[in-house]
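In this note's numbering, the protein residues as written are 3 to 261.
A quick write-up on the structure given underneath.
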């Protein structure tokens, strides 16, 4: 049983809920629980898409600075890979994952959001990587995922200054994908996830792997990997169902089984 992170499943959508009042500070226990819950979401066949949500007030205001303040180099060196794994745990879920951001998503909180496939923010949202103000840098994936998302110039602006970015500017910069009224954030994120609840889960996983892993390859290797996962889908029931349905009934009418 986890204490601060839980998986709630309804209608094919799993909600990974961060619940460590008052600001969902991500301490060591939360990091470990994120890994545990992400693993559960991966393994459960009744979870076809995932929403990451921190509640109505905040996604997560960052890592637990009090916990880290007195750590030595040797102590952090032993912990740092697990820290990165915790903040990036949701990126390993082979299903569509969307962050529902209300209030603050700062530091480690924003790194969790960056690990999602899509980010939907409330008009009250504030995001950023303020670690530089503590004399450190993002250590949970921020320097890498943010750069891949918006490019090095914008990433350096955010990370070098440590400034807070409000929702409208975050949308303009590409830090988030959509801004909605704060009280609609979870509903909008869930609606995005629900479109995959009856989708071809093997094909969705293959698409996610081809995109994410392809970004770490040169074009030739990326194309080769795409070909491999494309061919593998011809061993799935959903490929047979989808193509037969298209031939017999036209596009968009297939009833997939998720296998």
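C-beta: ideal position from N, C-alpha, C; glycine also.
**Study point:** First through last residue of the alpha helix (DSSP H) which encompasses residue 214
**Key:** 203 to 216 is the span of the alpha helix (DSSP H), which, as asked, contains residue 214.
Review point. Quick one: what's residue 12 bridged to in DSSP?
Key: Residue 12 is bridged to 15.
Check your understanding: Among 68, 106, 214, 223, which has the Cα closest to the Cα of residue 94?
Key -> Out of 68, 106, 214, 223, the CA that lies nearest to the CA of residue 94 is found in 214.
Check your understanding: Which whole-angstrom value describes the C-beta separation of residue 98 and residue 51, a residue pair presumed to lie in contact below a C-beta threshold of 8 Å?
Key -> Right, the Cβ-Cβ distance comes to about 4 Å (below 8 Å), so this counts as a contact.
**Study point:** Enclosing alpha helix (DSSP H) for residue 37 [first to last residue]
**Key:** Unbroken alpha helix (DSSP H) run through residue 37: 30 to 45.
Practice item. Give a yes or no on whether the C-beta atoms belonging to residue 235 and residue 205 are separated by under 8 Å. Key: The answer is yes: Cβ separation under 8 Å.
Point to revise | Cβ separation of residue 192 and residue 53, assumed to be a contact under 8 Å, to the nearest whole Å | key: Taking 8 Å as the upper bound for CB-CB distance, residue 192 and residue 53 are in contact here, some 6 Å apart.
Point to revise | Expected contact under 8 Å - CB spacing of residue 125 and residue 183 to nearest Å | key: Correct: roughly 6 Å between the Cβ atoms.
Check your understanding: Would a C-beta distance cut-off of 8 Å place residue 196 and residue 13 closer than the cut-off?
Key -> Yes, Cβ-Cβ distance for residue 196 and residue 13 is below 8 Å.
Practice item. Provide the residue(s) that pair with residue 121 in DSSP beta bridges, ordered along the chain. Key: Answer is 101.
Exercise for review: Can you tell me which of 185, 161, 72, 89 puts its alpha carbon nearest to the alpha carbon of residue 60?
Suggested key: Out of 185, 161, 72, 89, 185 has the C-alpha closest to the C-alpha of residue 60.
**Study point:** Delimiting residues of the beta strand (DSSP E) encompassing residue 180
**Key:** Per DSSP, the continuous beta strand (DSSP E) segment holding residue 180 begins and ends at 180 to 182.
Exercise for review: In the DSSP assignment, find the unbroken alpha helix (DSSP H) run with residue 116 in it and report its ends.
Suggested key: 110 to 116 is the extent of the alpha helix (DSSP H) around residue 116.
Point to revise | Top-ranked residue by Cα proximity to residue 90, from 45, 141, 66, 231 | key: It is 141 whose Cα lies nearest to the Cα of residue 90.
**Study point:** Strand pairing of residue 130, partner residues [DSSP]
**Key:** Its beta-bridge partners are 108.
Exercise for review: Count the other C-beta atoms from every protein chain shown that fall within 10 angstroms of the C-beta of residue 84, then say buried if there are 16 or more, exposed otherwise.
Suggested key: The residue is exposed, with fewer than 16 neighbouring Cβ atoms inside 10 Å.
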